[in-house]
Amino acid sequence: MRMISYAQNYEDVLLDRLFPTGSGFYIDVGANDPVHQSVTKHFYDRGWHGLNIEPEPGAFRRLCAERRRDINLNLGISNREGNLTFFEASAASGWSTFSPAQAENLRRRGLEVIERSVPVSTLASLCERYVPRGLSIDFLKIDAESHEREVIEGADWTRWRPRVVLIEANGSEEWEPLMLRADYRLALFDGINRFYLRAEDAHLLPRLGIPANFTDDFIPYEYYQRIEALRTRLALYEDLGPSALGVARWLQRTSARFPRLASVVKRAVRLVG
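Residue numbering for the sequence shown follows this note's numbering, beginning at 106 and increasing consecutively.
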């Protein structure tokens, strides 16, 4: 069966090249929706589990409903413990941010931004608490809407070393040196994200260094939804076909017996057809 890609830019297709079989563990910072544009949905369906971190309440509720096997946390990630102001874009939750500058950009676009205080923790603290001892983190995704540097600063890259780290490339010049100093190698920039492999897995760089393409044999989730909707409609038409044909034949016989009804019958036949 062809792979279904749920991610916005086919990030899950690239990750599937590295992890084509077996189970694994992921951490998703800024998980947002459990299905729409999700980097982890494909892997969850394969039996993986992980840690989803999402400060936006609506998205968090959807994660709790859909990801029973995962650990879902309604908080933010930064470089310290405490509370931060969260700027929630109610009309586009994927753009909500801890960055005041990014919040101003959203307001200039005409979006309503609601401010509220949200608890924050660090990646190091959450790994200490939730990552089982001896378990490898296969991939870490960071989508923090211009708060990426703070997320990276709060990690312990010596103790917990995800095999792959993909980060939305907002202001990458500010935080990429941190990844390089942590001994990660840039594998690919896909136009939205920057993919890094830990030095221990540098031999896999060629596998990750090519964008998702036809040879990966996948179908975007939006296409899959449309195909399934068409299949459902076709099945309905097939079920209705014999009955509709019987009604059309009866109407034709009736019009032959009652000529004055012919025009009415013709309109009815066209509707049935």
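Positions of the beta carbon are idealized from the N, C-alpha and C atoms, including for glycine.
- In this chain, the beta strand (DSSP E) harbouring S110 covers 108–110.
- P125 and S110 have their C-alpha atoms spaced approximately 14 Å apart.
- Going by DSSP, S204 is part of no alpha helix (DSSP H) at all; its letter is neither H nor E.
- When DSSP reads this structure, Q142 sits in a beta bridge with A112.
- The Cβ atoms of V270 and Y301 lie closer than 8 Å to each other.
- Y115 counts as buried, since no fewer than 16 other beta carbons sit within 10 angstroms of its beta carbon.
- For S230, the enclosing alpha helix (DSSP H) has its first and last residue at 228–235.
- Three or more beta-carbon pairs separated by less than 8 Å link the stretch 153–173 to the stretch 134–142, which places the two stretches in contact.
- Note on geometry: alpha-carbon atoms of D295 and A196 lie some 26 Å from one another.
- Taking a C-beta distance under 8 Å as the contact criterion, N188 and T227 do not qualify as a contact pair.
- Judged by DSSP in its simplified three-state form, A361 adopts helix.
- Only exposed fits H308, as fewer than 16 other CB atoms lie within 10 angstroms of its CB.
- Note: V256 is not bridge-paired with any residue in the DSSP secondary-structure output.
- Residue burial is scored here from C-beta neighbours: A334 has fewer than 16 other C-beta atoms within 10 angstroms and is therefore classed as exposed.
- Scanning L180, G199, F203, E217 for the CA closest to the CA of F191 turns up F203.
- Burial state of Q207 is buried, judged by a 10 Å Cβ sphere holding 16 or more other Cβ atoms.
- Shown here, D133 sits in a strand according to DSSP, grouped into three states.
- The beta carbon of R167 lies closer than 7 Å to those of D138, P139 in the same chain, with the five residues before and after it left out.
- With contacts defined by Cβ atoms closer than 8 Å, S241 and R268 form a contacting pair.
- In terms of Cβ geometry, E186 and S230 form a close pair [threshold 8 Å].
- A straight line joining the alpha-carbon of M108 with that of R290 spans about 27 Å.
- In the three-state scheme derived from DSSP, where H, G and I count as helix and E and B as strand, F124 is classed as coil.
- Inter-residue distance for L178 and W200 is about 18 Å (C-alpha atoms, whole angstroms).
- By the neighbour-count criterion, in which a residue is buried when 16 or more other Cβ atoms sit within 10 angstroms of its Cβ, I219 is exposed.
- In the structure shown, T320 adopts helical secondary structure according to DSSP, grouped into three states.
- Cβ neighbours of L245 within its own chain (closer than 6 Å, five residues either side excluded): I132, P267, V270.
- The straight-line gap separating the alpha-carbon atoms of D322 and V118 is approximately 9 Å.
- Going by DSSP, R290 is part of no alpha helix (DSSP H) but of the beta strand (DSSP E) stretching over 289–294.
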